[in-house]
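Student:
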Amino acid sequence: MTAWARRRSAQADDWPGPDAVQLLARALWRTAADHDVPVADAVLNDVLLYLRRPERMLAEPRPRDADPLPSIENRADPALQHAELIWDANQIQHRPSRDLSDLGNTDDGMLDPRTIGERLTEIAQDPKGQPPLPETETVNARAAAAGHALNRREWVPTTAECTVAAAAEGALRAFSTEPLNAFDFSWLARLRRLAHAGRVLRELAEQHRSGVSPLLTDLLVATADLLDVVTEPVAGLESAWSARPAQQRLPSWEQRHLPLGLRARVVDADHLASFVVGSTLVAAYTGDVDY
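Numbering (my numbering), first residue to last: 865 to 1155.
1) By DSSP's criteria, Thr979 is part of a beta bridge. Which residues make up the other side?
2) Measuring alpha carbon to alpha carbon, tell me which residue in Glu1070, Trp1117, Ala1038 is nearest Gly1142.
3) What are the start and end residues of each continuous beta strand (DSSP E) run of 3 or more residues lying completely inside the segment 1048-1109, in chain order?
4) What residues in its chain sit with their C-beta under 7 Å from that of Leu1145, if we drop five residues either side in the sequence?
5) Going by CA-CA distance only, name the one from Ala1137, Gly1125, Leu1136 that's closest to Pro995.
6) Could you check the C-alpha separation between Leu1083 and Arg1006 for me, to the nearest Å?
7) Can you check which of these residues, Asn909, Leu1091, Ala1010, is closest to Val1130 by C-alpha distance?
8) Between the segment 1010-1027 and the segment 1108-1128, can you find at least three pairs of beta-carbon atoms closer than 8 Å?
9) For Arg825, which of helix, strand or coil comes out of DSSP?
10) Can you tell me the Cα-Cα spacing of Pro927 and Leu997, whole angstroms?
11) Since Leu908 contacts Thr970 with CB under 8 Å, what's their CB separation in whole angstroms?
12) Would a C-beta distance cut-off of 8 Å place Glu948 and Leu913 closer than the cut-off?
13) Can you confirm whether Asp1082, when its beta carbon is compared against all beta carbons of chain C, has any partner nearer than 8 Å?
14) Tell me the rounded alpha-carbon separation between Ala1088 and Ala1061.
15) Start and end of the alpha helix (DSSP H) containing Thr1022?
16) Taking the CB atoms as reference points, tell me whether Leu1036 and Ser1138 lie closer together than 8 Å.
17) Taking Leu984 as the reference, which of Asp905, Gln945, Asn1015 has the closest Cα?
18) Can you tell which of Arg1016, His1072, Gln1112 has its C-alpha closest to the C-alpha of Asp1152?
19) Please list, in chain order, all residues of the same chain as Trp1117 whose beta carbon is under 8 Å from its beta carbon, the five residues on each side excluded.
20) Buried or exposed: which applies to Ala889, given that a residue is buried once 16 or more other Cβ atoms fall within 10 Å of its Cβ?
21) Could you spell out the range, first to last residue, of the alpha helix (DSSP H) harbouring Leu1114?
22) Could you tell me if His1135 is buried or exposed, where buried requires 16 or more neighbouring beta carbons within 10 angstroms of its beta carbon?
23) Return the CA-CA distance between Leu887 and Val1140, expressed in angstroms with no decimal places.
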């Protein structure tokens, strides 16, 4: 954030200067130091509280090898106001290009205020910037081909094909029947379910390749390929989960191990499998082409 402010200062004569940047850096440090946590784990909104309480922000101790700070007379000091301006501008100008409301950490029932690290992650890992997976295009094409054939009655599924389609659709919407807890809604649990669904779809395609239409087996294989790519990190995540500190909360673990790009691909793959592929499979085994 302070590096961004320095670049802006160098690019525009009317942008707040180095004094304001130093004050913002000190506010970030003080927020973490007073709560005895790394800067990344400090509560984001607390930074403004320190900018508005300069006597606390500038109190001893101070960071080792810190640059001298400007003299602050009161809360109306221009350097403080400029530091707040940098803060506000950063929040406005660094908005991710994708809605992140569905990419957050799992709610474990405890208060989980947004941290500085989460904000920096949003800036550094804008998930909209990653290229689409080629497997996604293949799934869409296979689903469109099957749907077109069903609509035009060029493919009227046999009893065997209906059975396979129903089993595949059931695997895509399967969810634990046990009492649910926070982990059941976690990103790792979601990845596990997608990985399992991919294995089931691939097995169905291989077992019935000679007895059903290629329209169906090609759709199952394409979906399994997509789920394999999206869930490739599962093995590493399982190891990291097993080795986590006993006191580490689920949201904190996810913040460190589940980048936004992976979360976005999980959401997109889940939606494609559940709705696009799922609705095609339902149409196949029910005969309801308007499903």
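Ideal Cβ positions, reconstructed from N, Cα and C, are used throughout, including at glycine. Because the structure is a prediction, the values reported are computed rather than measured.
Tutor: In this structure, then:
1) Val907
2) Ala1038
3) none
4) Ala1029, Ala1032, Glu1033
5) Gly1125
6) 5 Å
7) Leu1091
8) No: the two stretches stay apart, fewer than three of their Cβ pairs being nearer than 8 Å.
9) The structure shown does not extend to residue 825, since the chain is modelled only from 865 through 1155, so no value can be given for it.
10) 45 Å
11) The pair is not a contact, with the Cβ atoms about 19 Å apart (cut-off 8 Å).
12) In this structure, the beta-carbon distance from Glu948 to Leu913 does not fall below 8 Å.
13) Checking the listed chains, one finds no chain C in this structure; it contains a single protein chain.
14) Going from the Cα of Ala1088 to the Cα of Ala1061 covers about 8 Å.
15) That residue, Thr1022, is in no alpha helix (DSSP H); it is neither H nor E in DSSP.
16) yes
17) Asp905
18) Considering only alpha carbons, the answer is Arg1016.
19) Ala1104, Trp1105, Arg1108
20) Counting the other CB atoms within 10 Å of its CB gives Ala889 a total of 16 or more, which places it among the buried residues.
21) 1114-1121
22) Here His1135 is exposed. Its C-beta has fewer than 16 other C-beta atoms within 10 Å.
23) 51 Å
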